[in-house]
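Okay, so here's the structure we're looking at.
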Amino acid sequence: MPPENPAPAPPVLEARGLVKRFGAVTAVAGISLQVQAGRVTAILGPSGSGKSTLLRCLNFLEVPDAGEVWFEGRVVRPRDRELDALRARVGMVFQQFNLFPHLSVLENVALAPRVVARIGRPAARERARALLARVGLADKEGAHPAELSGGQQQRAAIARALAMEPAALLFDEPTSALDPELTGEVLAVMRSLAAEGTTMVVVTHEVAFARAVAHEVVFMDAGEVVERGPPAEVIDAPTHERALRFFRR
Amino acid sequence: MIGPDGQLSPGPGGRLARVPWWLLALGLAAAIFACRVATSAVYGEILAALLAGLTVTLAVTAVTFPLAIGLGLLTALGLVSPHPFRRNVALLYVQVARGVPILVQIFIAAFVLVPLGIDALHGLGGGQGALGALRSSDVPMGVRVVAALAFAYGAFEAETIRGGLTSLARGQAEAARAVGLSQRQALRHVLLPQTFGRILPTLGNDLISLLKDSSLVSVLGVRDITQEARLYASANFRYTESLTLLAFFYLALTLLLALLVRGLEARYRRHAA
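Chains E and C, in that order, give the protein sequences.
Per our numbering, the very first residue in the first sequence carries number 3; after that it's consecutive.
Per our numbering, the very first residue in the second sequence carries number 4; after that it's consecutive.
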């Protein structure tokens, strides 16, 4: 079939009809999602609505029961080697940071470039230093995670997620484990990433952040997407009853 | 027991209660004993005999322990494997090795498995050449006993390592995989270093147990310190002196090891989470 128009660039990341069940509970009930390059997608919704599960399906930390994940125009098959390659190109930031406690902050960031990309220790460290500077932790490279505040740990985790020069970043409630004082410094880093055109999918409870930064907001309830669109529509003028109640808090 | 601060504590007490009386008592006994040893010709002879066996005791322990750790590591990976076959092989090994007394395992290794193995080799080689000339007696007792001890201890180490691996937060494995590390890379760079940091105290205890259990090699006539003490005792009817000095040898070795392990722990604890 000859193309009629020059094909638009495929989405960086795309979910097609994803389903994930835990026993009798359907956490994700057939969700499709397109993440375009350079755009920020915020996934909002009440606790237990399946936001995190959806996000974790995108890099196969949860293997979906049905549906497909497409990365840069190709379907991802859940085979070890293909998944390793996908994960190296899609960074992830966790709610609990999950830094490696036995490594220094610098080694946390340099590990994947050194071991997976094999760019050599000096180059890996150089890249890690640059990334730590970018998240404001240039002076902490020798520290171990336990010596950092929660906000610093999460910023180091963001640097680690950036270390493989990913095509997209996934954030799983990145500020939910932080007290309000430390939330700001993490959100500031995320804002600057968004401003630089980083492709991001963010599961969050920070409605103000989603309104200010996201290009698209996806509102989930009970494993389904009940509203999606620009923040001005979904957050400020929701039509679905569940979304109305959620944003009126 | 559990103090008002919710901490496990050795109980209330002032400065006197905190003196390690047990160590002082032991030191005193050792000092008195050392004087006897130094001034007695009999003790001098026993001391010489035991020192001759010390190399064997230390060598058996030093060779067996890394083998047991290696075997335990492989088995632990089997125990946590999603592969039913690997898991069942690992479980079978652990249950057999832990369910049969070590002494019996040593006898079986030495007097059943080695002859069977030699027979099997002969069967394969048709009794020709160097293989055909191999006899059971060509396999030293020391080798048989080390193999048996490593087999027995591998099962303990497997359980220890598995326990350490499963005690790590799930987020560690997820974070390692999420940056693109393969399963093997995640184990090598993220999970195992943390596991070994955590299980160091248990490994230290196992090493001390192994040092003591190395005395079992004497049942095959391998001349470790236990065997030397028994030989001297029965040849000279000096059981009291031989066995007392033997006990002190083991005690000194285990205390030394305990100190060493504690030092190592202190070094590793700095960054353990």
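We treat Cβ as the ideally placed atom computed from N, Cα and C, and that holds for glycine.
Under 9 Å, do ARG91 of chain E and GLU109 of chain E count as touching if we go by C-beta distance? no
Using 9 Å as the threshold, is the C-beta distance between ASP174 of chain E and VAL215 of chain E below it? no
Since PRO48 of chain E contacts LEU20 of chain E with CB under 8 Å, what's their CB separation in whole angstroms? Not quite, the Cβ-Cβ distance comes to about 19 Å (not below 8 Å), so this is no contact.
Would you mind working out which of E:VAL118, E:ASP82, E:ALA163 and E:ASP223 sits nearest THR55 of chain E, comparing C-alpha positions? E:ASP223
Do we get a CB-CB distance below 9 Å when we pair ALA90 of chain E with the residues of chain C? yes
Please work out which residues of its chain come closer than 6 Å, Cβ to Cβ, to ARG23 of chain E, disregarding the five sequence neighbours upstream and downstream, and give them in chain order. Excluding sequence neighbours, ARG23 of chain E sits near ASP67.
On the DSSP letters alone, give me the boundaries of the beta strand (DSSP E) that GLY260 of chain E sits inside. There is no way to answer for residue 260 of chain E, as the model of chain E reaches only from 3 to 251.
What span of residues does the beta strand (DSSP E) with ALA55 of chain C cover, start to end? Element bounds for ALA55 of chain C: not the beta strand (DSSP E) but the alpha helix (DSSP H), 44 to 82.
Does ALA276 of chain C come out as helix, strand or coil in the three-state DSSP assignment? No answer about ALA276 of chain C holds up, because its pLDDT of 43 lies below 50 and its placement is not dependable.
Whole angstroms is fine: what's the gap from ASN100 of chain E's alpha carbon to ALA178 of chain C's? Cα to Cα, ASN100 of chain E sits roughly 6 Å from ALA178 of chain C.
What did DSSP end up calling ALA169 of chain E once you bin it into helix, strand or coil? Here DSSP, grouped into helix, strand and coil, assigns ALA169 of chain E to coil.
Between which two residues does the beta strand (DSSP E) containing THR43 of chain E stretch? 42 to 46
Cβ neighbours of SER170 of chain C in the same chain (closer than 7 Å, five flanking residues each side left out): The answer, listed in chain order, is ARG201.
What residues of chain C sit near ASP86 of chain E, judged by a beta carbon separation below 9 Å? Under the 9 Å cutoff, chain C gives ARG180, GLY183, LEU184, SER185, GLN186 and GLN188.
I'd like to know if ALA269 of chain C contacts chain E, where contact means its C-beta is closer than 9 Å to some C-beta of that chain. no
Is there a C-beta anywhere in chain E that falls below 9 Å from the one on PRO196 of chain C? Chain E, which has a Cβ nearer than 9 Å to the Cβ of PRO196 of chain C, makes this yes.
Mind checking MET3 of chain E: buried by the 16 CB within 10 Å criterion, or exposed? Because the pLDDT of MET3 of chain E is 49, which lies under 50, any placement of that residue in the model is unreliable, and the number read from its coordinates should be weighed accordingly. Exposed.
Just checking: is the beta-carbon of ASP141 of chain E within a distance shorter than 9 Å of some beta-carbon in chain C? no
Select from the region 197 to 208 of chain C all residues with a C-beta closer than 9 Å to any C-beta belonging to chain E, and list them in chain order. GLN197 and GLY200
Uninterrupted beta strand (DSSP E) stretches inside the region 61 to 127 of chain E (no shorter than 3 residues): 68 to 73 and 92 to 95
Compare the C-beta of HIS217 of chain E with all C-beta atoms of chain C and state if any pair is closer than 9 Å. no
For my contact list, GLU218 of chain E and ARG230 of chain E are in at a C-beta cut-off of 8 Å; report their separation, rounded to the angstrom. That belief holds up - the Cβ atoms of GLU218 of chain E and ARG230 of chain E are roughly 7 Å apart, short of 8 Å.
In terms of residue numbering, what span does the beta strand (DSSP E) encompassing PHE221 of chain E cover? 218 to 223
Among C:VAL45, C:LEU11 and C:GLY9, the one whose alpha carbon lies nearest that of THR247 of chain C: C:VAL45
What number of angstroms, rounded off, separates the C-alpha of ALA150 of chain C from the C-alpha of ALA65 of chain C? 13 Å
Return no unless some Cβ of chain C is closer than 9 Å to the Cβ of ALA158 of chain E. no
Taking DSSP as the reference, what is the three-state secondary structure of ASP8 of chain C? Of the three classes helix, strand and coil, the one that applies to ASP8 of chain C here is coil, per DSSP.
So is LEU113 of chain E in contact with chain C if we call contact Cβ pairs under 9 Å? yes
Simplified DSSP assignment, three categories, for ILE33 of chain E: strand
Tell me, please, whether the CB atom of GLU177 of chain C is closer than 9 Å to any CB atom in chain E? yes
Helix, strand or coil at VAL228 of chain E according to DSSP, with G and I counted as helix: In the structure shown, VAL228 of chain E sits in a strand (DSSP, three-state: E or B).
Write down the C-beta distance between LEU210 of chain C and LEU260 of chain C rounded to the nearest angstrom, noting that I regard them as a contact closer than 8 Å. 6 Å
9 Å Cβ cutoff, PRO124 of chain E in contact with chain C: no
Give the secondary structure of PRO200 of chain E by DSSP, where H, G and I count as helix, E and B as strand, and everything else as coil. Inspection of the sequence shows that residue 200 of chain E is occupied by Thr rather than by Pro. Three-state DSSP puts THR200 of chain E in coil, outside helix and strand.
Thinking just about the alpha-carbon of each residue, which of C:ILE105, C:PRO118 and C:VAL97 is nearest to the one in GLU160 of chain C? When C:ILE105, C:PRO118 and C:VAL97 are compared, the shortest CA-CA separation from GLU160 of chain C is found for C:VAL97.
What did DSSP end up calling ASP181 of chain E once you bin it into helix, strand or coil? coil
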